[in-house]
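Q: Submitted below is the structure of interest, expressed as structure tokens.
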Amino acid sequence: MLNALAAGAIAFLAGGAGEPAAGPALRLGAAMLAIQLSIGAVNDLVDVDLDRGRKPGKPLAHGGVHPRAVAALAVAGLVIGLSLAEVSGAPVAGIAVVGAALGYLYDLRLSRTALSWLPLALALPLVPIYGWLGATGSIPVALWSLVPVGAVAGLGLALGNGLADFDRDASAGVATAAIRLGRRLAWRVQALALGGVVLAAVVFAPPPSREDSVLSLAWIVGLKGGSIAVLAGAGLTGPAGPERAALRERGWELQAVGVALVGLAWLLGIANPSG
Numbered sequence: 005m006l007n008a009l010a011a012g013a014i015a016f017l018a019g020g021a022g023e024p025a026a027g028p029a030l031r032l033g034a035a036m037l038a039i040q041l042s043i044g045a046v047n048d049l050v051d052v053d054l055d056r057g058r059k060p061g062k063p064l065a066h067g068g069v070h071p072r073a074v075a076a077l078a079v080a081g082l083v084i085g086l087s088l089a090e091v092s093g094a095p096v097a098g099i100a101v102v103g104a105a106l107g108y109l110y111d112l113r114l115s116r117t118a119l120s121w122l123p124l125a126l127a128l129p130l131v132p133i134y135g136w137l138g139a140t141g142s143i144p145v146a147l148w149s150l151v152p153v154g155a156v157a158g159l160g161l162a163l164g165n166g167l168a169d170f171d172r173d174a175s176a177g178v179a180t181a182a183i184r185l186g187r188r189l190a191w192r193v194q195a196l197a198l199g200g201v202v203l204a205a206v207v208f209a210p211p212p213s214r215e216d217s218v219l220s221l222a223w224i225v226g227l228k229g230g231s232i233a234v235l236a237g238a239g240l241t242g243p244a245g246p247e248r249a250a251l252r253e254r255g256w257e258l259q260a261v262g263v264a265l266v267g268l269a270w271l272l273g274i275a276n277p278s279g
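Residue numbers for the sequence shown follow the working numbering, so the first one is 5 and each next one is one higher.
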């Protein structure tokens, strides 16, 4: 849902805050949601044995839904998502295909390995490109500066996810990147990566037009609120954080929301440059 909201918001910002921008933004957000549903469904199918008894909140793991229904959701999500993305043109559909492929690569191959961080590090920078290109048909030069920042954010979020599941993965013998590094070192790398993203945003994110006080306020709130969320989430996923897995998961989710807010603030400045 967060990826879908972010993609739709980026498309809306890129197209301008007018009525014509709403349609493409909703469609691109819906396409992203469908693809993410497909990736999540495949993940639950692959990990059902690991999740059973460890993640009771997952319907497939506790028998609340039939595997065939989940498989149908995976196929339908991919078809619907790519069909909606293709309306914006072949390049946008191509980005959607690459993003879906990275998600499936994580599900089917890398989620239990030391390279579990790689798919998200590669996929996260595609989200702003997907939303902007889908809404406008072009990519501004300034947007490319977010690609390395997005990759570093993806690394940090992937390790944060691994830290949230650290005890359950360790008990199941799953050697994720966080497990390989160990809780303390994984947290340090995560904190360094996400701290670097926040610092880069504070220093380099361009402010929006000074003529619009609402945009300026949104930029400040997004940048500062997102930074606080990232740092607070890092505290919850750290070695001194809560023992309950559910609270650590909330910490990781807080980090993800924070990264999205910081990224949207950065893009707000690109879409509505000052001066």
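Positions of the beta carbon are idealized from the N, C-alpha and C atoms, including for glycine.
In this text the structure is predicted, and so the values were computed from the model without any measurement.
Could you check what DSSP says for Pro132 in three-state terms: helix, strand or coil?
A: Helix.
Q: Which residues mark the beginning and the end of the alpha helix (DSSP H) in which Ile143 is found?
A: Looking at the DSSP string, Ile143 is not in any alpha helix (DSSP H), and its letter there is neither H nor E.
Q: Excluding the 5 residues preceding and the 5 following Ala104 in the sequence, name in chain order all residues of the same chain whose CB lies nearer than 8 angstroms to its CB.
A: Once the five neighbours on either side are set aside, the close Cβ partners of Ala104 are Ile39, Ser42, Ile43, Leu82, Gly85, Leu86.
Q: Please report how far the alpha carbon of Asp48 lies from the alpha carbon of Ala176, in whole angstroms.
A: Cα-Cα distance, rounded: 15 angstroms.
Q: Going by other Cβ atoms of all chains shown within 10 Å of its Cβ, with 16 needed for buried, is Glu23 buried or exposed?
A: Low confidence applies here, because Glu23 scores a pLDDT of 48, under 50, leaving its location unreliable and the question unanswered by this model.
Q: Given a cut-off of 8 angstroms, decide if Thr241 and Ala155 are closer than it, judged by their beta-carbon atoms.
A: No, the pair does not count as a contact, with Cβ atoms beyond the cut-off.
Q: Between Leu17 and the rest of its own chain, which residues show a CB-CB distance below 7 angstroms, the 5 nearest in sequence each way excluded?
A: Leu271, Leu272, Ala275.
Q: Hey, how far is the Cα of Val206 from the Cα of Gly166?
A: If I take the Cα positions, the gap works out to 27 angstroms.
Q: Tell whether a beta-carbon distance below 8 angstroms holds between Gly285 and Ala127.
A: There is simply no residue 285 to check, as the chain begins at 5 and stops at 279 in what is shown.
Q: Taking 8 angstroms as the threshold (C-beta atoms), are Ser213 and Ser149 in contact?
A: Cβ distance not < 8 angstroms, so Ser149 and Ser213 don't count as in contact.
Q: Looking at the secondary structure, which residues open and close the alpha helix (DSSP H) in which Asp53 lies?
A: That run of the alpha helix (DSSP H) goes 52-55.
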